[in-house]
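Colleague: Supplied in structure tokens, the structure appears directly below.
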Amino acid sequence: MDMMLEEELIDLMTFCLQNPNSLELPDKHARITEIGGEIYADGGVDALENFSFVLKNRITQEIEKDPSPLLSLWHGLTSDWPT
Numbered sequence: 023m024d025m026m027l028e029e030e031l032i033d034l035m036t037f038c039l040q041n042p043n044s045l046e047l048p049d050k051h052a053r054i055t056e057i058g059g060e061i062y063a064d065g066g067v068d069a070l071e072n073f074s075f076v077l078k079n080r081i082t083q084e085i086e087k088d089p090s091p092l093l094s095l096w097h098g099l100t101s102d103w104p105t
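Be aware that the sequence shown starts at 23, since it is given in my numbering, and climbs by one per residue.
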């Protein structure tokens with residue numbers, strides 16, 4: 023399950039970063055938030071941190087853009103997630 027979610031997040035975030043004016047962004051953002059909720063429910067804050075590390079590294083290497091702003095979509099999931 024983790025690999026499928028990781029790949030989906032990479033696809034979603036890559037799309038958002040490469041298409042900042044797309045009309046699809048609200049749907050993509052909602053799915054990123056939903057996946058974050060699934061990750062948090064399954065593994066807590068540690069899982070979110072592990073995913074964020076992998077996402078930052080892969081996306082930065084693949085398209086040379088930082089996905090950190092998209093990780094703020096996870097801010098409402100728990101008070102333990104960095105703001």
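All C-beta atoms, glycine included, are put in the ideal place defined by N, C-alpha and C.
Quick check on the DSSP output: the alpha helix (DSSP H) that includes E56 runs from which residue to which?
Modeller: First-last of the alpha helix (DSSP H) with E56: 47-85.
Colleague: Which residues in the same chain as G65 place their Cβ atom closer than 8 Å to its Cβ, once the five residues preceding and following it in sequence are excluded?
Modeller: Counting only Cβ-Cβ distances below 8 Å, and skipping sequence neighbours, we find N72.
Colleague: Hey, is the region 82-91 in contact with the region 44-51, meaning 3+ C-beta pairs nearer than 8 Å?
Modeller: In short, these stretches do not touch, since the Cβ pair count stays below three.
Colleague: Have a look at M26 and F75 and give me their C-alpha separation to the nearest angstrom.
Modeller: The alpha-carbon atoms of M26 and F75 are separated by roughly 16 Å.
Colleague: Using only CA atoms, which one of E84, L31, L39, I81 lies nearest to E60?
Modeller: Taking only the C-alpha atoms, the option nearest E60 is L31.
Colleague: Could you have a look at D24 and say whether DSSP puts it in helix, strand or coil?
Modeller: Of the three classes helix, strand and coil, the one that applies to D24 here is helix, per DSSP.
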